[in-house]
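Trainee: Sharing a structure below in C-alpha cells format, with a few things to ask.
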Amino acid sequence: MAILAVENLHLRFSTPFGAVYALRGIDFELTKGEILGLVGETGCGKSVTGRSVLRLLDDSARITDGRILFEDRDLLRLPEAAMREIRGRRIAMIFQDPATALNPLFTIGQQINDVLRAHIPGAADARRSRTIELLASVGLPDPAQMVEVYPHQLSGGQQQRAMIALSLAAEPDVIIADEPTTALDVTIQAQILDLLRTLQRKRAISVILITHDLGVVAETCQQVVVLYAGRVVEAGSATAVFANPQHPYTRGLLAALPRPGSRGSELKVIPGSVPSGLERVKGCAFAPRCEHVMERCRVNQPALASLTAAHQAACFLHEASVHG
Amino acid sequence: MALLSFLLRRLGLSIFVFIGVLILTFIVSRVIPSNPAALYAGARPRPEQVAEIEKKLGLDKPLSEQFRVYVDDLLNGDLGESYHSRRSINTDLSIFLPATLELVIAAVLIALVFGIPIGVLAGAYPRSVFDYATRFVAIAGVSVPSFWLALIAQSIFFSQLGWLPLGSRISRDATLFYPIAAQTGFYLIDAAISGNWKAWLDAARHLILPALVLSAYPLGITIRMTQASMLEVLAEPYVAAARAAGLPRRVILFKLALKNAVMPALTVVGLSFAYSITGAFLVETIFSWPGVGKYVTEAVLNVDFPVIIAVSLVVTLFYILVNLLVDVVQALLDPRVRLV
C-alpha cells in the first residue's frame, strides 16, 4: 500500500539565465514500511523532489504541475499551517551534512526539545526523558550526557546519529533522507545505513533514500527509482532493477561501478554529460549519450511502461517486447 | 570555567590598551606647545606667579617624574584638577558621567529593542514593502546629522505639539518641589529607588527626545546589521532543517536564527555606545544636557589638559568595558567562542 505517491511532478527554477526545467514529470510510489532509493547523478532532480514533498523549496522554484499524495491528501494544495503539522510530525527529513544541518548554538537536547514541543504536548521533564530515549535509540554513547552537548563536540558519525534522532523525535511515518551518508567516512557510512535500516524495521517507518550511490541503494533499499534529467527512467524492486537493468542509463551506471576483481581494467564511463535543463528537451533526454539511440528517441519522449509487475522503464527499446 | 579563563585573558589584553592610551594622551598633552601654568594662573599672570604655579603643579620636574606622579594619583582614584575651573575632575565627572550614561544607555536600548526585531523581519521578508521601508529608515537614521534631527524633534514635539520639554535633564519645578535624592546620579534610577514617581516621570519626559535623537544612528546600524546577517543565516542548512522539522516560524526566526545573527549588530552597537559618550556632545548641547560631551568640549576649547586626559581615560575604560561585555555575550551565545 502506498503511503506517499508523487504524480507527474513538474518543477522549474527561474534563474538569471532563464527557466530551468528541473523536474519534467516525476512519478513514483513509496510503499508503506519500505525503503525507496531515489538515484541519479548531481542535478537530476532527486534532492528537489525530496524537498518538494515537504514544500521546502526556494522562492525561485515553482511547481508547475503534478500532485504529491500523502494518505490521499495532495500536499501541494494544503495550506501552510497544515503543512507545518506534517513537517517533522508525519514526514521528517535527514540532511546531507549534519555539521551544517544542526544548529551550532544549541545543544542536541535543546534542538530535540524544540521539535518535541512543537508537535507533542507534554511536560518539560517528559520531553527530557524522551530525548534521552531517542539519543539511546540511535546508538549514541552516554545519552544522558549527550543532551547537554553542542554539535561541534561530536564526530561526524555522531552528528548524523543526532540528526537522525532529531528527525525521529516526533515519530514520523515517512523519513526523507537526502544523501545521509555522503559527508561521512565509508566505515561510518555503513554504520549509519545499518542504523537507518534497523530503525525503519523497528518503527515501521517508510524511507525515501536520496543518493547518487548505487552501492548504498543495493544494500539498503527494497525499491529503486532512477532519475535522469528530471524524469524517471527506470523504477522497480531493487532485485529486479539490479539483476536485470533495462534502461541504457541504468545499465551504464551499473557498468560504471568499480568492482572488486576488476582492478587494473579501465573503469567504464557514460560518454557525454547531462543536459543543463535550460533548454526544453525534445525526445528522450538520454538520447545524445545512448549507444542504442534510434530515430524516434530524438523526437518522442518514451513513457514509463511496465515490463513486469515490479519493474518499469521509460525506453523505446522495450516497447516492442512489452506490446509484441 | 572556560568562560572565566576566557574573560581573564580578554581582561589581560585590555590592560595593555589602557596603558597605551594613558601614555599617549599624557605625552601628547605635554609636548603640545602651550603653557598649562599660565592657563592655570588666569588672565595676565606675572612671570613669578607662573613659575610658582609650575612648581606647585610639578611641571618643572622631568616628564618621567610627572608621569609617575600622575599614575600614582590615578591609582589612588584621583583624576586631578581642572586648570581652568580648579574643580576636582572626580567631582565634575560624578555629575556629568551619569547624565551622559543615562542618555547613551537609553539611546542604545531603544536601538536594540526596536532595531533587532525590525532587522529580523526585514531579513525574513526580503524585497517586501517592509524591507524597503526599513532600508529607508535605517539609511536615514545613519546619515541624517544628529543636530538636524534634534532641531526637527524640538520643533515638532516642543514647539508644535507641546508634548515634551525643550531640554535639560529635569524641570525646575521638579528640582524645587520634589527633588531627587542623588545616589547613582542616574535620575531614573535614583527617583525609582526613593519612590519619587513624579520626579521619575519628569526626568523620563526630558530623556525621551535626546535619547530618541541619539538612537537614530545605532538604530540604523542595528537594523542593517541584523537584516544582513539574518539573510545569511536563513540560507543555512540548519534553518532548512528546522523548517523540515515543522517548527513554528516565530521560533525559527527569533530563537534559532536570531541567536546566530545577533552578534554583528551587538558588536557595532557596543562601539557606538563608547563613541557616544563624547560623541553625544551636539545632542547634549542642543538639549542643554549636562553631560561629558559638553564638559570635554569646553575643556578642549580651554586647553584644559587634566580634563582632556581624564575624559580620554574614562572613554577608553568604557570602550574596554563594552567590548568585554560584547565578548562575554558572544561567549555565552556561542560555545565555540569560549575555546578560542
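If you read the protein sequences in the order shown, they are chains A and B. Each number in the numbering used here corresponds to the 1-based position in the first sequence with 13 added. Quick note on numbering: the numbering used here labels position 110 of the second sequence as 101, and the sequence is numbered without any gaps. By construction, the Cβ of each residue, glycine as well, lies at the ideal position given by its N, Cα and C atoms.
Identify whether A/LEU51 lies in helix, strand or coil by the three-state DSSP scheme.
Mentor: Here residue 51 of chain A refers to the residue found at position 38 of the first sequence. DSSP places A/LEU51 in strand when its eight states are reduced to three.
Trainee: So B/VAL19 is in the alpha helix (DSSP H); what residue range does that whole segment cover?
Mentor: As a first step, residue 19 of chain B must be located in the second sequence, where it is residue number 28. That run of the alpha helix (DSSP H) goes -7 to 22.
Trainee: Below 7 Å CB to CB, which residues in the same chain sit around A/ASN126 once its five sequence neighbours on both sides are set aside?
Mentor: For the purposes of this step, residue 126 of chain A is identified with residue 113 of the first sequence, where counting begins at 1. Closer than 7 Å at Cβ, skipping near neighbours: ARG140 and THR144.
Trainee: Is the shortest distance between the beta-carbon of A/PRO117 and the beta-carbons of chain B less than 8 Å?
Mentor: For the purposes of this step, residue 117 of chain A is taken as residue 104 along the first sequence, with counting starting at 1. Yes, its Cβ sits closer than 8 Å to a Cβ of chain B.
Trainee: In three-state terms, what does DSSP make of A/ALA190?
Mentor: Residue mapping note: residue 190 of chain A aligns to position 177 of the first sequence, counting from 1. Assigned with DSSP and collapsed to three states, A/ALA190 falls in strand.
Trainee: Can you tell me whether DSSP reads A/GLU279 as helix, strand or coil?
Mentor: The sequence position of residue 279 of chain A within the first sequence is 266, counting from 1. Looking at A/GLU279 - three-state DSSP - the assignment turns out to be coil, as it is neither helix nor strand.
Trainee: Taking a contact to mean a Cβ-Cβ separation below 8 Å, would you say A/LEU240 touches A/VAL52 in this structure?
Mentor: In the first sequence, counting from the first residue as 1, residue 240 of chain A sits at position 227. In the first sequence, counting from the first residue as 1, residue 52 of chain A sits at position 39. Yes, the Cβ-Cβ distance between A/LEU240 and A/VAL52 is below 8 Å.
Trainee: Secondary structure at B/TYR31, three-state DSSP: helix, strand or coil?
Mentor: As a working mapping, residue 31 of chain B is identified with position 40 in the second sequence. Three-state DSSP puts B/TYR31 in a helix.
Trainee: Please confirm whether B/PRO228 has its beta-carbon closer than 8 Å to some beta-carbon of chain A.
Mentor: For the purposes of this step, residue 228 of chain B is identified with residue 237 of the second sequence, where counting begins at 1. Closer than 8 Å: yes.
Trainee: Would you decide whether B/PHE7 is buried or exposed? Buried here means 16 or more other CB atoms lie within 10 Å of its CB.
Mentor: Along the second sequence, one-based indexing puts residue 7 of chain B at 16. Under the 10 Å beta carbon count, B/PHE7 is surrounded by fewer than 16 other beta carbons and is classified as exposed.
Trainee: Rounding to the nearest angstrom, what Cα-Cα distance links B/THR276 and B/ILE161 in this structure?
Mentor: For the purposes of this step, residue 276 of chain B is identified with residue 285 of the second sequence, where counting begins at 1. For the purposes of this step, residue 161 of chain B is identified with residue 170 of the second sequence, where counting begins at 1. Rounded to the nearest angstrom, the two C-alpha atoms are 15 Å apart.
Trainee: Could you check where the beta strand (DSSP E) with A/ASP40 kicks off and where it finishes?
Mentor: Walking along the first sequence from the start, residue 40 of chain A turns up at place 27. Run containing A/ASP40: 31 to 44, per the beta strand (DSSP E) assignment.
Trainee: Is there at least one Cβ from chain A nearer than 8 Å to B/GLY3's Cβ?
Mentor: Stepping through the second sequence from its first residue, residue 3 of chain B is reached at position 12. Not an interface residue.
Trainee: Can you tell me which residues form a DSSP beta bridge with A/ALA326?
Mentor: Here residue 326 of chain A is taken as the residue at index 313 of the first sequence, counted from 1. DSSP, once it has assigned bridges, lists A/GLU247 and A/ALA318 as partnering A/ALA326.
Trainee: Can you tell me whether DSSP reads A/GLN236 as helix, strand or coil?
Mentor: Your numbering for residue 236 of chain A matches position 223 in the first sequence. A/GLN236 falls in the strand class under three-state DSSP.
Trainee: At the level of alpha carbons, what is the spacing between A/GLY38 and A/SER60?
Mentor: The residue given as residue 38 of chain A occupies position 25 in the first sequence. The residue given as residue 60 of chain A occupies position 47 in the first sequence. The alpha-carbon atoms of A/GLY38 and A/SER60 are separated by roughly 15 Å.
Trainee: Report the three-state DSSP secondary structure of A/SER27 (helix, strand or coil).
Mentor: Indexing the first sequence from 1 puts residue 27 of chain A at position 14. Three-state DSSP puts A/SER27 in a strand.
Trainee: For B/LEU344, which option in B/ILE107, B/LEU92 and B/ILE18 has the closest C-alpha, if you only look at C-alpha atoms?
Mentor: Chain B is shown from -8 up to 331; residue 344 of chain B falls before or after that span and cannot be answered.
Trainee: When you compare each of B/LEU323, B/ASN67, B/VAL305 and B/LEU312 to B/VAL12 by their alpha carbons, which one comes out closest?
Mentor: For the purposes of this step, residue 12 of chain B is identified with residue 21 of the second sequence, where counting begins at 1. It is B/VAL305.
Trainee: Return the chain-ordered list of same chain residues with a C-beta closer than 8 Å to the C-beta of B/ILE299, the five sequence neighbours on each side being excluded.
Mentor: Residue numbering aside, residue 299 of chain B sits at position 308 when the second sequence is read from its first letter. The answer, listed in chain order, is THR16, SER20, VAL287, ALA290 and VAL291.
Trainee: Using a Cβ-Cβ cut-off of 8 Å (strictly less than) and excluding sequence neighbours within five positions of B/ALA339, which residues of its own chain qualify?
Mentor: What the structure shows of chain B is the stretch from -8 to 331, and residue 339 of chain B is not part of that stretch, so it cannot be assessed.
Trainee: Does the beta carbon of A/ASP186 sit closer than 8 Å to a beta carbon anywhere in chain B?
Mentor: Taking the first sequence and counting its residues from 1, one reaches residue 186 of chain A at position 173. A/ASP186 does not count as touching chain B.
Trainee: For A/GLY101, which residues in chain B fall below 8 Å Cβ to Cβ?
Mentor: Locating residue 101 of chain A in the first sequence gives position 88, where the first residue counts as 1. Ordered by position in chain B, the residues that pass the 8 Å Cβ test against A/GLY101 are ALA235, ALA236, GLY237 and LEU238.
Trainee: Alpha carbon to alpha carbon, how far is A/THR224 from A/GLY50?
Mentor: Here residue 224 of chain A refers to the residue found at position 211 of the first sequence. Here residue 50 of chain A refers to the residue found at position 37 of the first sequence. C-alpha separation (whole angstroms): 7 Å.
Trainee: Counting only runs that start and end within the region 118 to 198 of chain B, where is the beta strand (DSSP E) found for 3 or more residues in a row?
Mentor: none
Trainee: Out of A/ARG86, A/GLY56 and A/ALA183, point me to the one whose CA is closest to A/VAL66's CA.
Mentor: Indexing the first sequence from 1 puts residue 66 of chain A at position 53. Out of A/ARG86, A/GLY56 and A/ALA183, A/ARG86 has the C-alpha closest to the C-alpha of A/VAL66.
Trainee: Let me see if you follow: with CB-CB separation under 8 Å, is B/ASN251 close to chain A or not?
Mentor: The sequence position of residue 251 of chain B within the second sequence is 260, counting from 1. It does: the Cβ of B/ASN251 has a partner Cβ on chain A nearer than 8 Å.
Trainee: B/GLY71 to B/TYR123, Cα distance in whole Å?
Mentor: Locating residue 71 of chain B in the second sequence gives position 80, counting from the first residue. Locating residue 123 of chain B in the second sequence gives position 132, counting from the first residue. When rounded, the distance between both Cα atoms is 52 Å.
Trainee: When you compare the CB positions of A/LEU24 and A/ALA35, do they come within less than 8 Å of one another, or not?
Mentor: Translated into the one-based positions of the first sequence, residue 24 of chain A becomes position 11. Translated into the one-based positions of the first sequence, residue 35 of chain A becomes position 22. In contact: A/LEU24 and A/ALA35 (Cβ atoms closer than 8 Å).
Trainee: Under 7 Å: does the beta carbon of B/PHE87 sit that close to some heavy atom of the ligand FMN?
Mentor: Questions concerning the ligand FMN fall outside what the structure shown contains, since it holds no ligand whatsoever.
Trainee: Please say whether A/ILE201 and A/PRO193 have beta carbons closer to each other than 8 Å?
Mentor: As a first step, residue 193 of chain A is located in the first sequence; it is residue number 180 there, counting from the start. As a first step, residue 201 of chain A is located in the first sequence; it is residue number 188 there, counting from the start. Against a cut-off of 8 Å, the Cβ pair of A/ILE201 and A/PRO193 comes out as no contact.
Trainee: Between B/VAL313 and B/PHE264, which are expected to be in contact by the criterion C-beta below 8 Å, what is the C-beta distance as a whole number of angstroms?
Mentor: The residue you call residue 313 of chain B lines up with position 322 of the second sequence. The residue you call residue 264 of chain B lines up with position 273 of the second sequence. Correct: roughly 5 Å between the Cβ atoms.
Trainee: Tell me the residue span of the beta strand (DSSP E) that contains A/ILE107.
Mentor: On the first sequence, residue 107 of chain A is found 94 positions in, with the first residue counted as 1. Looking at the DSSP string, the run of the beta strand (DSSP E) that includes A/ILE107 is 104 to 107.
Trainee: With 16 as the cutoff for other CB atoms within 10 Å, does A/HIS132 come out buried or exposed?
Mentor: Translated into the one-based positions of the first sequence, residue 132 of chain A becomes position 119. The residue in question, A/HIS132, is buried, as its Cβ has 16 or more Cβ neighbours within 10 Å.
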